[in-house]
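Asker:
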Amino acid sequence: ASVASLFVSRIDTALDRALETIGSSEALALRGKIAIANAKSVYRRFRGIFYGEPFSSLRKKGARIQRPLWGSTGTKNPAYSDVLYVEELIGQDTINTLPPATLNAFRDHGSVRGATVEEGLAEAERDLTRLKELGLKLDQMAEKLQAEGVEAFADSFEQLLSAIDEKRKNIFAGKVNPQSLTLGEYENRVDQRQRAWQKERFASRLWQKDPTLWFREPQPEISDRLGWLVLPETMQEELSDLKAFAAEVKEEGARHAVLLGMGGSSLAPEVFQRTFGNAEGHPELIVLDSTHPGAVRAVERRLNFRQTLFLVSSKSGTTTETLSLFRYFWHKASQATGEPGKRFVAITDPGTPLEKLALERRLRRVFHAPVDVGGRYSALTAFGLLPAAMIGVDVRRILDRAWTMSEACAFCVPGSESPPLVLGAALGELALAGRDKVTFIASPSLRAFPAWIEQLIAESTGKDGKGIIPVIDEPPSLESLYGSDRFFVYLRLEGDDNARLDRFIAALAGHPRATIQLNDKAELGQEFFRWEAAIAAAGAVLGIHPFDQPDVQLA
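Residue 1 is where the sequence shown starts when you use the working numbering, and the numbers rise one by one after that.
1) Exposed or buried, what is residue 409 when buried is set at 16 or more other beta-carbons lying within 10 Å of its beta-carbon?
2) For the structure I just gave you, are there three or more beta carbon pairs, one from the region 336-356 and one from the region 221-236, closer than 8 angstroms?
3) Going by the CB atoms, is the gap between residue 430 and residue 186 shorter than 7 angstroms?
4) Taking the alpha carbon of residue 333 as the point to measure from, which residue in 350, 300, 323 has its own alpha carbon closest?
5) Along the beta strand (DSSP E) that carries residue 470, what are the first and last residues, could you check?
6) Identify which residue in 253, 277, 262 has its Cα closest to the Cα of residue 309.
7) Quick one: grab the DSSP three-state call for residue 447.
8) Are there 16 or more other CB atoms within 10 angstroms of the CB of residue 445, so buried, or fewer, so exposed?
9) Please work out which residues of its chain come closer than 8 angstroms, Cβ to Cβ, to residue 175, disregarding the five sequence neighbours upstream and downstream, and give them in chain order.
10) Suppose contacts are defined by Cβ-Cβ distances below 7 angstroms. Is residue 393 in contact with residue 529 by that definition?
11) Go through its chain and collect everything with a Cβ distance to residue 1's Cβ below 7 angstroms, but skip five positions before and after it.
12) Which residues in the same chain have their Cβ closer than 7 angstroms to the Cβ of residue 375, if we skip the five residues on either side of it in sequence?
13) Compute the Euclidean distance between the alpha carbons of residue 149 and residue 15, then round it to the nearest angstrom.
14) Round the Cβ separation of residue 556 and residue 536 to the nearest angstrom and send it over; I've been treating them as touching at under 8 angstroms.
15) Provide the residue span of the alpha helix (DSSP H) that contains residue 100, from first to last.
16) Where residue 60 and residue 358 are concerned, what is the direct C-alpha to C-alpha distance, given to the nearest angstrom?
17) With three or more C-beta pairs closer than 8 angstroms as the rule, is the region 42-59 touching the region 126-138?
18) When you compare each of 458, 508, 455, 418 to residue 198 by their alpha carbons, which one comes out closest?
19) Spell out the partners DSSP gives residue 80 in its beta bridges.
20) Are residue 322 and residue 261 touching if we call contact CB-CB under 7 angstroms?
21) Could you tell me whether the region 380-388 touches the region 88-100, where touching means 3 or more Cβ pairs closer than 8 angstroms?
22) If you drop the 5 nearest sequence neighbours on each side, which residues of the same chain put their C-beta closer than 6 angstroms to that of residue 330?
23) Which residues mark the beginning and the end of the alpha helix (DSSP H) in which residue 355 is found?
24) Since residue 257 is in the beta strand (DSSP E), which residue starts that stretch and which ends it?
25) Just the C-alpha distance for residue 156 and residue 129, rounded to the nearest angstrom, thanks.
26) Look at the alpha carbon of residue 20 and the alpha carbon of residue 517, and state the distance between them as a whole number of angstroms.
27) Are the beta-carbon atoms belonging to residue 10 and residue 72 less than 7 angstroms from one another?
28) For the beta strand (DSSP E) that residue 179 lies in, which residues bound it at each end?
29) I think residue 487 touches residue 365, with their Cβ atoms under 8 angstroms apart; what is that distance to the nearest whole Å?
30) Name the residue from 512, 342, 395, 78 whose alpha carbon lies nearest to the alpha carbon of residue 434.
31) When we look at the beta-carbon of residue 273 and count the other beta-carbons within 10 Å, is it buried (16 or more) or exposed?
32) Going by C-alpha distance, which of 297, 79, 75, 215 is nearest residue 100?
33) Near residue 172, which residues of its chain fall below 6 angstroms by C-beta distance, leaving aside the five closest residues on each side in sequence?
34) Out of 279, 56, 39, which has the shortest C-alpha to C-alpha gap to residue 4?
35) Looking at residue 398 and residue 525, is the spacing between their C-beta atoms short of 7 angstroms?
36) My parser needs the alpha helix (DSSP H) runs of 4 or more residues fully inside the region 467-544; what are they?
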């Protein structure tokens, strides 16, 4: 039989934004309901056609029905049940093309109540009527999503061909792993760690989000903080929205985008701005991560508020410094424009106080991040990718390169062939052996990146009297002046002026070192993922919890 495909969760994703823009209690009450209501209405129409009079004569002649296919049934909004679009759309003759994560979730805790697609039809029709009364036209939205969907499928096919071509080039070029380690006397203990991980199925268990990789007893913030593993894949679905918003801001002639945020909310955007700069016609990104009056005034003096967009970025939505900066610039924008809401965007987790504040003050947009991704692991969420898109960075290339690295350490890849796990084993084992000062050397174009790694390492490993100490921005010195506590990491970008740094690294023959080769700046996507996975693995070696931050919370 043929199928008739119907988008489901994408309907809610698109309409929820429009409902939040309206902001009334009636509008907000419809969030997360219209996609299912629409699908139930379609199913009722399907039953009326194919099991009623219009099709009866054809059925007698052997004609087969056209079955409804629910497409896009992975839950996009983390505030909703991860099996919402499965449990509520069960019915005879239906097909559900649920993604692997949703399938696993349904196997784990889903329930089958019966033919749920035929339940609550009256309520579904009332919801559709209320939507129309609010002035939102579902038909127009569906047509737009259909056009975007066809374009996305075409893009995916092009990406597939491109990925195949890139893998073919890598195979023939022999450059699968641009990471080399020279460990000297420590090589044996790192090899032993990798062999032990192979026996313990470390890679496979990592992708299964097994918390016992770090502790035998259950610990909070482990299995529910591993969402970064799938970001290179899942964030592909958000790219069209991020790029469309960036294009909208560019079209308006914005000169500056000011990011108000701290720590994990600010470091990745700063890496993108300092590494790529802003493309022609795109706004310059200014990262303000200080409440010092001098720093605030210095930023303010650069701005024309009518040509500035503020990104209020806080995962928890409660960061004191970020909210203080928001209130200050809200007041200034109110004085300058009279319509401050149009000049502000929030990036936060669903349901945070910041989101509530954004809805109350009618901010231009609210972008959500996955709740199972910690702040310092959020570079490949909207926290990093929205600012990157706004300054003209090709965020699809960034994600594609990250996906390449995630595949290089997939559950079926032996640990000894997984670049992040090899690096993680080396970082952990050398730290245990006293080489706990990881010293970063970077090509000129990559000088901003070690600051991001610094926070990732320090917050992830610095606890319980243990830790790895990142050293960045240290001027090169003579090899003989370094102590026996160093492990050097060289981030080398092909095409940069690397001659002096190459000589410096070559002179460090008495110290363990790693060289990571990047062929272009887009491979920063690989590096975000490489280091996130490597530090998670190093945490297992050290016996610490790499995803909590007790000292930060105490402060």
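Think of the CB as a built atom: it goes at the ideal place given N, C-alpha and C, for glycine as much as any other residue.
Answerer: Based on what the coordinates show:
1) Position 409 of the sequence shown, counting from 1, holds the residue named residue 409. With 16 or more Cβ atoms within 10 Å of its Cβ, residue 409 is classed as buried.
2) no
3) On the sequence shown, position 186 is the one that residue 186 refers to. On the sequence shown, position 430 is the one that residue 430 refers to. Yes, they are a contact pair.
4) The count along the sequence shown starts at 1 and reaches residue 333 at position 333. Answer by Cα proximity: 300.
5) Counting from 1 along the sequence shown, the entry for residue 470 is found at position 470. Where residue 470 is concerned, the enclosing beta strand (DSSP E) stretches over 469-471.
6) Residue numbering aside, residue 309 sits at position 309 when the sequence shown is read from its first letter. Out of 253, 277, 262, 253 has the C-alpha closest to the C-alpha of residue 309.
7) On the sequence shown, position 447 is the one that residue 447 refers to. Coil.
8) Reading the sequence shown from its first residue, position 445 is the one you call residue 445. Residue 445 comes out buried.
9) Here the question's residue 175 lines up with position 175 in the sequence shown. With a pLDDT of 46 at residue 175, under the threshold of 50, the predicted position of this residue should be treated as unreliable, though the coordinate-derived value follows. So the list is empty, once near-sequence residues are dropped.
10) For the purposes of this step, residue 393 is taken as the residue at position 393 of the sequence shown. For the purposes of this step, residue 529 is taken as the residue at position 529 of the sequence shown. No, Cβ-Cβ distance for residue 393 and residue 529 is not below 7 angstroms.
11) On the sequence shown, position 1 is the one that residue 1 refers to. These residues qualify, in order along the chain: 64, 65, 66, 67.
12) Residue mapping note: residue 375 aligns to position 375 of the sequence shown, counting from 1. The residues are 263, 264, 265, 315.
13) Walking along the sequence shown from the start, residue 149 turns up at place 149. Walking along the sequence shown from the start, residue 15 turns up at place 15. One C-alpha to the other measures close to 16 angstroms.
14) In the structure as shown, the chain begins at 1 and stops at 555. Residue 556 is therefore absent and cannot be evaluated.
15) For the purposes of this step, residue 100 is identified with residue 100 of the sequence shown, where counting begins at 1. Where residue 100 is concerned, the enclosing alpha helix (DSSP H) stretches over 100-109.
16) Residue mapping note: residue 60 aligns to position 60 of the sequence shown, counting from 1. Residue mapping note: residue 358 aligns to position 358 of the sequence shown, counting from 1. In a straight line, the C-alpha of residue 60 is about 58 angstroms away from that of residue 358.
17) no
18) In the sequence shown, counting from the first residue as 1, residue 198 sits at position 198. For the residues 458, 508, 455, 418, the minimum Cα distance to residue 198 belongs to 418.
19) For the purposes of this step, residue 80 is taken as residue 80 along the sequence shown, with counting starting at 1. In DSSP, residue 80 forms no bridge with anything.
20) Locating residue 322 in the sequence shown gives position 322, counting from the first residue. Locating residue 261 in the sequence shown gives position 261, counting from the first residue. Their beta carbons are under 7 angstroms apart, which means residue 322 touches residue 261 by this criterion.
21) no
22) Taking the first residue of the sequence shown as position 1, residue 330 is located at position 330. Closer than 6 angstroms at Cβ, skipping near neighbours: 340.
23) For this step, residue 355 is matched to residue 355 along the sequence shown. From DSSP, the alpha helix (DSSP H) with residue 355 extends over 353-360.
24) For the purposes of this step, residue 257 is identified with residue 257 of the sequence shown, where counting begins at 1. Here the beta strand (DSSP E) through residue 257 covers 256-260.
25) Locating residue 156 in the sequence shown gives position 156, where the first residue counts as 1. Locating residue 129 in the sequence shown gives position 129, where the first residue counts as 1. Taking the straight line joining both Cα atoms gives about 35 angstroms.
26) Translated into positions along the sequence shown, residue 20 becomes position 20. Translated into positions along the sequence shown, residue 517 becomes position 517. Roughly 45 angstroms separates the two Cα atoms.
27) Counting from one through the sequence shown, the residue named residue 10 turns up at place 10. Counting from one through the sequence shown, the residue named residue 72 turns up at place 72. Cβ distance < 7 angstroms, so residue 10 and residue 72 count as in contact.
28) For the purposes of this step, residue 179 is taken as residue 179 along the sequence shown, with counting starting at 1. Taken as a continuous stretch (DSSP letters only), the beta strand (DSSP E) holding residue 179 covers 179-182.
29) Along the sequence shown, read from residue 1 onward, the residue named residue 487 stands at position 487. Along the sequence shown, read from residue 1 onward, the residue named residue 365 stands at position 365. Incorrect: roughly 43 angstroms between the Cβ atoms, too far for contact.
30) On the sequence shown, residue 434 is found 434 positions in, with the first residue counted as 1. Comparing Cα positions, the closest option is 512.
31) Position 273 of the sequence shown holds residue 273. Classification of residue 273: buried, given that the 10 Å Cβ count is 16 or more.
32) To locate residue 100, count along the sequence shown from 1; it is residue 100. Selected option, being the one with the closest Cα: 75.
33) Residue numbering aside, residue 172 sits at position 172 when the sequence shown is read from its first letter. Low confidence applies to residue 172: its pLDDT is 49, below 50, so where it sits in the model is not reliable enough to give any reading.
34) Numbered from its first residue, the sequence shown carries residue 4 at position 4. Considering only alpha carbons, the answer is 39.
35) Looking up residue 525 in the sequence shown gives position 525. Looking up residue 398 in the sequence shown gives position 398. In this structure, residue 398 lies closer than 7 angstroms to residue 525 by Cβ.
36) 499-506, 524-542
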